[in-house]
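S.K.: Residue numbering for the sequence shown follows the working numbering, beginning at 16 and increasing consecutively.
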Amino acid sequence: MALDQYREEEEEDGMSFLDHLEQLRWHLVRSIAAVLIFSVLAFLSKSFVFGQVILGPSKVDFFTYRMLCKVSDALGIPALCIQELPFILQSRQMTGQFSMHMTSSLVVGLIVAFPYVFWEVWRFISPGLYSKERNAARGAVFFVSLLFFMGAAFGYYILSPLSINFLSHYRLDPSIANEFDITSYISTLVMLVLASAVMFQLPVVIYFLSMSGLVSAAMLKSYRRHAVVTILVLSAVITPPDVISQLLIAMPILVLYEAGIMIAKRLERRRREERAAEDY
């Protein structure tokens with residue numbers, strides 16, 4: 016928010032800087048309260064959250080594995096069907112299971128409460144925008160939440176099970192058994208899900224950057240090769256050292272990048288039409 020704009024709004028609504036801080040505090044309090052409420056519910060639903068959601072990708076009857084077996088039967092490719100995951104989960108620390116119960120409950124609470132949290136953030140930010148900017152950003156909460164859940168679902172149903180399958184079958188020597196600590200398993204799962212959810216926000220980021228005039232469709236096109244390399248590097252960092260997993264997360268992000276270029280083109284065309292209407 017520009018200083019002159021802030022002063023004008025301060026004079027209009029009669030709110031001082033401390034009043035704005037107080038307003039921000041209550042937005043944060045409500046957001047944290049929502050996350051805590053859903054976290055407590057997740058903590059109390061241990062059998063479902065842990066048995067079905069958290070540990071789901073570690074079991075061969077998981078939805079993704081069953082779908083892969085159906086595809087395997089339809090295409091006649093037995094290698095696609097995952098019939099075993101040769102690893103066991105252990106807790107090597109006395110507080111390991113309890114701490115992971117707390118951590119996973121907080122993560123589930125954050126994911127479920129994300130639309131409300133972002134709505135609270137948007138309620139604080141939107142009054143600082145011009146009416147034209149607010150109209151252009153209409154539906155931001157819906158689209159940000161939609162992309163967030165799409166990314167989380169992609170990370171949970173596609174990226175996580177394939178990564179877990181790869182890591183469980185990877186062995187330096189047959190004499191070495193894969194016995195994963197519950198802390199490592201949950202950390203990997205959370206990283207894959209949240210990283211996918213964040214990376215799926217790329218069209219929203221491009222939209223706001225284009226709306227503010229910081230990027231253009233021509234610029235995005237000219238840096239397409241750099242974007243491809245950057246996305247592949249980020250995919251390699253996020254996923255295990257498996258080419259298939261890297262490509263699986265890189266492909267939708269590249270598609271979203273192309274969608275961002277189309278969004279930037281549309282915004283530029285709309286801006287030209289508005290200027291032409293004003294000149295007329």
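Even for Gly, the Cβ is constructed at its ideal location relative to N, Cα and C.
(1) Could you tell me whether the Cβ atoms of Gly166 and Gln216 are closer together than 9 Å?
(2) Closer than 7 Å by C-beta to Tyr80: which residues in its own chain qualify, once you throw out the five before and the five after it? Chain order, please.
(3) Could you check whether Ala128 and Ser46 sit closer than 9 Å to each other, using their CB atoms as the reference points?
(4) So Leu269 and Ile253 are supposed to be a Cβ contact under 8 Å. How far apart are they, rounded?
(5) Expressed to the nearest angstrom, what Euclidean distance is found between the alpha-carbon atoms of Tyr200 and Gln261?
(6) Check this for me: beta carbons of Val132 and Ala49, under 9 Å apart or not?
(7) Quick one, which of Pro189, Ser62 and Met226 has its alpha-carbon nearest Pro101's?
(8) By a C-beta neighbour count over all protein chains shown, 10 Å radius and 16 as the cutoff for buried, is Phe65 buried or exposed?
(9) Only counting the same chain, and skipping five residues up and downstream in sequence, which positions put a Cβ closer than 8 Å to that of Asp88?
(10) Can you give me the C-alpha to C-alpha distance between Phe78 and Leu56, rounded to a whole angstrom?
(11) Buried or exposed: where does His116 fall if 16 or more other Cβ atoms within 10 Å of its Cβ makes it buried?
(12) With DSSP as the reference, label Gln38 as helix, strand or coil.
(13) In whole angstroms, what is the alpha-carbon distance linking Ser106 and Ser120?
(14) Whole angstroms is fine: what's the gap from Pro346's alpha carbon to Gly275's?
(15) If you measure between the beta carbons of Leu249 and Met214, is that distance less than 9 Å?
(16) Where Leu33 and Gly143 are concerned, what is the direct C-alpha to C-alpha distance, given to the nearest angstrom?
(17) With a cut-off of 8 Å on the beta carbons, I'd call Gly219 and Phe158 a contact; round off their distance for me.
(18) Return helix, strand or coil for Glu99, following the three-state DSSP convention.
M.R.: Taking the coordinates as given:
(1) Position 151 of the sequence shown holds residue 166. Position 201 of the sequence shown holds residue 216. For Gly166 and Gln216, yes; Cβs fall inside 9 Å.
(2) Locating residue 80 in the sequence shown gives position 65, where the first residue counts as 1. Excluding sequence neighbours, Tyr80 sits near Ile97 and Pro176.
(3) Residue mapping note: residue 46 aligns to position 31 of the sequence shown, counting from 1. Residue mapping note: residue 128 aligns to position 113 of the sequence shown, counting from 1. Yes; because the gap between Cβ atoms is below 9 Å, this pair is in contact.
(4) As a first step, residue 269 is located in the sequence shown; it is residue number 254 there, counting from the start. As a first step, residue 253 is located in the sequence shown; it is residue number 238 there, counting from the start. That pair is no contact at about 15 Å.
(5) If you number the sequence shown from 1, residue 200 lands on position 185. If you number the sequence shown from 1, residue 261 lands on position 246. Answer to the nearest angstrom: the Cα atoms are 19 Å apart.
(6) The residue labelled residue 132 in the question sits at position 117 within the sequence shown. The residue labelled residue 49 in the question sits at position 34 within the sequence shown. Contact flag set, yes.
(7) Counting from 1 along the sequence shown, the entry for residue 101 is found at position 86. Closest option to Pro101, Cα to Cα, is Pro189.
(8) Counted from its first residue, the sequence shown places residue 65 at position 50. Its Cβ being crowded by 16 or more others within 10 Å, Phe65 is buried.
(9) Position 73 of the sequence shown, counted from the start, is the residue given in the question as residue 88. The answer, listed in chain order, is Cys96.
(10) Position 63 of the sequence shown, counted from the first residue, corresponds to residue 78. Position 41 of the sequence shown, counted from the first residue, corresponds to residue 56. So the two alpha carbons sit approximately 24 Å from each other.
(11) Start at 1 with the first residue of the sequence shown, and residue 116 comes out as number 101. Buried is the call here.
(12) Taking the sequence shown and counting its residues from 1, one reaches residue 38 at position 23. Note: Gln38 maps to helix in three-state DSSP.
(13) The sequence position of residue 106 within the sequence shown is 91, counting from 1. The sequence position of residue 120 within the sequence shown is 105, counting from 1. If you take the alpha carbons of Ser106 and Ser120, they lie about 17 Å apart.
(14) This structure cannot speak to residue 346, because the chain is shown only from 16 to 295.
(15) Translated into the one-based positions of the sequence shown, residue 249 becomes position 234. Translated into the one-based positions of the sequence shown, residue 214 becomes position 199. Yes. Within cutoff.
(16) Residue mapping note: residue 33 aligns to position 18 of the sequence shown, counting from 1. Residue mapping note: residue 143 aligns to position 128 of the sequence shown, counting from 1. Cα to Cα, Leu33 sits roughly 15 Å from Gly143.
(17) Numbered from its first residue, the sequence shown carries residue 219 at position 204. Numbered from its first residue, the sequence shown carries residue 158 at position 143. The identity of residue 219 in the sequence shown is Val, whereas the question assumes Gly. Contact holds; Cβ gap of about 6 Å.
(18) The count along the sequence shown starts at 1 and reaches residue 99 at position 84. Looking at Glu99 - three-state DSSP - the assignment turns out to be coil, as it is neither helix nor strand.
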